[in-house]
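Q: Following our numbering, the numbering of the sequence shown begins with 14 at its first residue and continues without gaps.
Quick one: the structure is below, and I'll ask about it shortly.
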Amino acid sequence: MKKIEVIVRPELKDKTVAAIKKIGVGGVTVCHVQGQGSDDPPLVGQYFSKDLIICVVDDPKLNDILNAIAKAACTKTKGDGKVFVTTVEDALDICTQKRGTTSI
């Protein structure tokens, strides 16, 4: 399983979530975040508003999801965001006690 964390422009959040769900991801978590890119000038106390979309997916869906995210969230301008992919060793659905890919 892979955990995908997507940082996108707020106006592209819904379009990006729709693209992810179209691939077959059941659930997502969305948070409003603030930050600064590494190329941004050091601005004291000033950050850019973004949205963070988090989902966990089966490995075979990874490339399709990354392609869908890139298509949905790209405006071809600086500040479009980033995608981070990490390996998830296990998962547990607290209510059903299902583990692994059956829990996502």
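Note that CB positions come from ideal geometry on N, CA and C, so glycine has one too.
What runs of the beta strand (DSSP E), each 3 residues or longer, lie entirely inside the segment 47 to 88?
A: Taking only runs of at least 3 residues, the beta strand (DSSP E) segments lying wholly in the segment 47 to 88 are 61 to 70.
Q: Taking the C-alpha atoms as reference points, what is the distance between A31 and Q59?
A: Position 18 of the sequence shown, counted from the first residue, corresponds to residue 31. Position 46 of the sequence shown, counted from the first residue, corresponds to residue 59. Rounded to the nearest angstrom, the two C-alpha atoms are 30 Å apart.
Q: Can you give me the Cβ contacts of G37 inside the same chain, cut-off strictly under 8 Å, excluding the 5 residues immediately before and after it?
A: For this step, residue 37 is matched to residue 24 along the sequence shown. Excluding sequence neighbours, G37 sits near K74.
Q: Mark D64 as exposed unless 16 or more other C-beta atoms lie within 10 angstroms of its C-beta, in which case mark it buried.
A: For the purposes of this step, residue 64 is taken as the residue at position 51 of the sequence shown. Answer is buried; the Cβ neighbour count reaches 16.
Q: Shortest alpha-carbon distance to I20 belongs to which of H45, K84, R112 and L105?
A: Counting from one through the sequence shown, the residue named residue 20 turns up at place 7. Comparing Cα positions, the closest option is H45.
Q: Spatial neighbours of K26 within its chain, please: CB distance less than 6 Å, with the 5 preceding and 5 following residues excluded, ordered by chain position.
A: Mapped onto the sequence shown, residue 26 falls at position 13. Within the same chain, K26 has close Cβ partners D64.
Q: Going by the CB atoms, is the gap between G92 and D103 shorter than 8 Å?
A: Walking along the sequence shown from the start, residue 103 turns up at place 90. Walking along the sequence shown from the start, residue 92 turns up at place 79. No, the Cβ-Cβ distance between D103 and G92 is not below 8 Å.
Q: Tell me the DSSP secondary structure of E24 in three-state form.
A: Taking the first residue of the sequence shown as 1, we reach residue 24 at position 11. In this structure, E24 counts as helix in the three-state DSSP scheme.
Q: When every heavy atom of the ligand MG is checked, does at least one fall within less than 7 Å of the C-beta of N76?
A: Only the bare structure without any ligand can be found here, which leaves the ligand MG out of the picture.
Q: Using a Cβ-Cβ distance cut-off of 8 Å, determine whether L79 contacts chain C.
A: The question asks about chain C, but that chain is absent: this structure has only one protein chain.
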